[in-house]
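Every letter in the sequence shown is one number past the one before it in the numbering used here, and letter 391, counting from 1, is 391.
Where a beta carbon is used, it is the ideal one built from N, C-alpha and C, also for glycine.
This report concerns only the one structure given below.
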Amino acid sequence: MFEQVEDYAIDPIMIGADLFAQDPRRDKLNLTVGIYQDAQGRTPVLEAVKRAEQRLVERQESKAYLALTGDAEYCSTLGQVVLGKAFNESWVTAQTSGGAVALRVMADLLAQMPTPPTVWLQSPTYGNYIPILTAAGARHQTLPYYDRLRAKLTFEQMLDGLQAAPPGDVFLMQGVCHNPTGADMSEDQITALLDALEARGVVPWIDLAYLGFVEGFEADCAVARRIAERFPECIVCITLSKSFGIYRDRAGALFVKTRAKDRGRLTRAVTAIVRSGASHAPDHGPSVVRTILQDPELKAHWLSELDQMRQRVVRMRQQIVATERDLFHTDRLAYLAGQSGMFSLLPLDDAQEMALTRDHGIHVVQGGRINVARLGDDDISWLVTAVCGLLSPSS
Numbered sequence: 001m002f003e004q005v006e007d008y009a010i011d012p013i014m015i016g017a018d019l020f021a022q023d024p025r026r027d028k029l030n031l032t033v034g035i036y037q038d039a040q041g042r043t044p045v046l047e048a049v050k051r052a053e054q055r056l057v058e059r060q061e062s063k064a065y066l067a068l069t070g071d072a073e074y075c076s077t078l079g080q081v082v083l084g085k086a087f088n089e090s091w092v093t094a095q096t097s098g099g100a101v102a103l104r105v106m107a108d109l110l111a112q113m114p115t116p117p118t119v120w121l122q123s124p125t126y127g128n129y130i131p132i133l134t135a136a137g138a139r140h141q142t143l144p145y146y147d148r149l150r151a152k153l154t155f156e157q158m159l160d161g162l163q164a165a166p167p168g169d170v171f172l173m174q175g176v177c178h179n180p181t182g183a184d185m186s187e188d189q190i191t192a193l194l195d196a197l198e199a200r201g202v203v204p205w206i207d208l209a210y211l212g213f214v215e216g217f218e219a220d221c222a223v224a225r226r227i228a229e230r231f232p233e234c235i236v237c238i239t240l241s242k243s244f245g246i247y248r249d250r251a252g253a254l255f256v257k258t259r260a261k262d263r264g265r266l267t268r269a270v271t272a273i274v275r276s277g278a279s280h281a282p283d284h285g286p287s288v289v290r291t292i293l294q295d296p297e298l299k300a301h302w303l304s305e306l307d308q309m310r311q312r313v314v315r316m317r318q319q320i321v322a323t324e325r326d327l328f329h330t331d332r333l334a335y336l337a338g339q340s341g342m343f344s345l346l347p348l349d350d351a352q353e354m355a356l357t358r359d360h361g362i363h364v365v366q367g368g369r370i371n372v373a374r375l376g377d378d379d380i381s382w383l384v385t386a387v388c389g390l391l392s393p394s395s
């Protein structure tokens with residue numbers, strides 16, 4: 001029977017990790033990882049998380065199942081913190097196993113509609129969107145978002161492409177720290193995009209995976225709040241892996257804003273889809289999050305630790321730019337200082353990208369994505385020298 005199984009596409013991040021592991025050189029640098037790491041390559045457990053976990057050990061009284069849509073108190077707390085005054089009883093919520101399951105639940109729901117809408121995606125965008133949508137059988141199309149060789153947004157082309165979207169279609173975007181490009185839209189561009197979505201009757205779907213890594217947690221919620229306040233229907237997916245450093249504990253949520261007459265049916269639909277898939281979400285990570293967000297002292301400590309991670313990423317970006325100026329007196333990587341989050345794309349074509357690994361031992365995700373947070377101080381001149389050498393006309 002199993003001889004009939006066809007080859008499945010492999011995640012480029014996994015390919016990159018495998019190639020790094022197979023590289024026999026001792027001097028090699030792995031920039032493919034998709035998680036926050038410090039200068040020693042560790043993903044630390046935040047002190048606020050440890051304190052919350054200890055409190056749970058002492059006080060948690062049961063490990064029984066929660067409702068299919070999870071802990072209502074967790075969802076309510078998270079909704080109030082992220083969406084602010086826009087969060088109320090008009091939202092359908094579900095606790096999910098990270099952001100990926102929230103995305104998949106929504107993809108299943110859209111695909112099962114009698115007239116399935118098309119999901120419009122930025123290109124390039126998060127590498128798991130298309131596999132999730134494809135597995136669900138959801139319709140999708142891409143729009144040009146970023147030119148990696150020029151290191152610039154192709155915003156006007158994206159808006160032009162949206163003219164083909166009929167009312168009732170969906171636009172899937174990331175809120176902050178765009179993965180893989182690191183290039184977020186400006187305030188004016190966000191306004192123009194929301195104007196276009198509203199004018200065409202396209203429903204915004206925002207994915208929040210890196211809250212706190214641009215200007216701080218509260219400020220980074222602003223785009224989601226604008227959408228939540230403005231649109232009668234919208235979708236918000238959240239993962240807290242990066243913000244709390246709890247990757248393996250899978251804390252996420254789905255929030256869907258709908259009209260009152262549709263809320264009951266939508267609640268039943270989300271519940272049925274959760275039951276047929278993940279069934280019950282794990283509770284440890286979400287309980288840690290709820291404990292921290294509901295305790296002012298723990299929340300303040302967590303925000304301080306999150307800000308330290310954010311500042312380190314900013315510092316790494318600035319050091320790349322400063323190192324290039326010191327070594328080569330050029331600004332070919334200067335755009336990195338103006339981008340945000342852990343990820344960015346190097347301005348290399350495919351041949352140059354292959355040479356970066358082959359000749360310099362620097363491993364990146366296919367397409368040139370690097371994890372800036374993975375860099376240590378001693379790695380920056382190595383990366384800058386290699387990239388600038390490949391970009392040199394004489395190389």
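Of the listed residues the options, nearest to residue i (C-alpha basis)
{"i": "residue 128", "options": "203, 172, 24, 76", "result": "172"}
{"i": "residue 213", "options": "10, 42, 372", "result": "372"}
{"i": "residue 155", "options": "149, 165, 143, 366", "result": "143"}
{"i": "residue 199", "options": "97, 337, 62, 162", "result": "162"}
{"i": "residue 340", "options": "314, 145, 205, 304", "result": "314"}
{"i": "residue 237", "options": "215, 70, 98", "result": "98"}
{"i": "residue 177", "options": "194, 207, 170", "result": "207"}
{"i": "residue 147", "options": "182, 287, 140", "result": "182"}
{"i": "residue 336", "options": "352, 319, 350", "result": "319"}
Extent of the continuous beta strand (DSSP E) to which residue i belongs
{"i": "residue 236", "result": "234-239"}
{"i": "residue 370", "result": "369-371"}
{"i": "residue 377", "result": "Unbroken run through residue 377 is the alpha helix (DSSP H), 377-391; no beta strand (DSSP E)."}
{"i": "residue 397", "result": "Here the chain comprises residues numbered 1 to 395, so residue 397 is not present and cannot be evaluated."}
{"i": "residue 142", "result": "139-144"}
{"i": "residue 171", "result": "170-174"}
Residue i - containing alpha helix (DSSP H), residue span
{"i": "residue 366", "result": "Looking at the DSSP string, residue 366 is not in any alpha helix (DSSP H), and its letter there is neither H nor E."}
{"i": "residue 35", "result": "Per DSSP, residue 35 belongs to no alpha helix (DSSP H) and is neither H nor E."}
{"i": "residue 330", "result": "Here residue 330 belongs to no alpha helix (DSSP H), and DSSP marks it neither H nor E."}
{"i": "residue 258", "result": "It is not in any alpha helix (DSSP H) - residue 258 carries neither H nor E in the DSSP assignment."}
{"i": "residue 108", "result": "98-111"}
Span separating the alpha-carbon of residue i from that of residue j
{"i": "residue 190", "j": "residue 25", "result": "45 angstroms"}
{"i": "residue 86", "j": "residue 255", "result": "12 angstroms"}
{"i": "residue 293", "j": "residue 77", "result": "7 angstroms"}
{"i": "residue 158", "j": "residue 367", "result": "20 angstroms"}
{"i": "residue 300", "j": "residue 359", "result": "46 angstroms"}
{"i": "residue 196", "j": "residue 361", "result": "44 angstroms"}
{"i": "residue 233", "j": "residue 114", "result": "18 angstroms"}
{"i": "residue 1", "j": "residue 7", "result": "15 angstroms"}
{"i": "residue 375", "j": "residue 285", "result": "27 angstroms"}
{"i": "residue 125", "j": "residue 352", "result": "21 angstroms"}
{"i": "residue 316", "j": "residue 43", "result": "16 angstroms"}
Pair within 7 angstroms by beta-carbon distance, residue i and residue j
{"i": "residue 46", "j": "residue 245", "result": "yes"}
{"i": "residue 402", "j": "residue 345", "result": "Only positions 1 to 395 of the chain appear in the structure, and residue 402 is not among them; the question remains open."}
{"i": "residue 175", "j": "residue 223", "result": "yes"}
Buried or exposed by the 16-neighbour rule on C-beta atoms within 10 Å, applied to residue i
{"i": "residue 136", "result": "buried"}
{"i": "residue 395", "result": "Confidence is the limiting factor: at residue 395 the pLDDT is only 46, short of 50, which leaves the residue's position unreliable, though a coordinate-based value still follows. That one is exposed."}
{"i": "residue 40", "result": "exposed"}
{"i": "residue 296", "result": "exposed"}
{"i": "residue 241", "result": "buried"}
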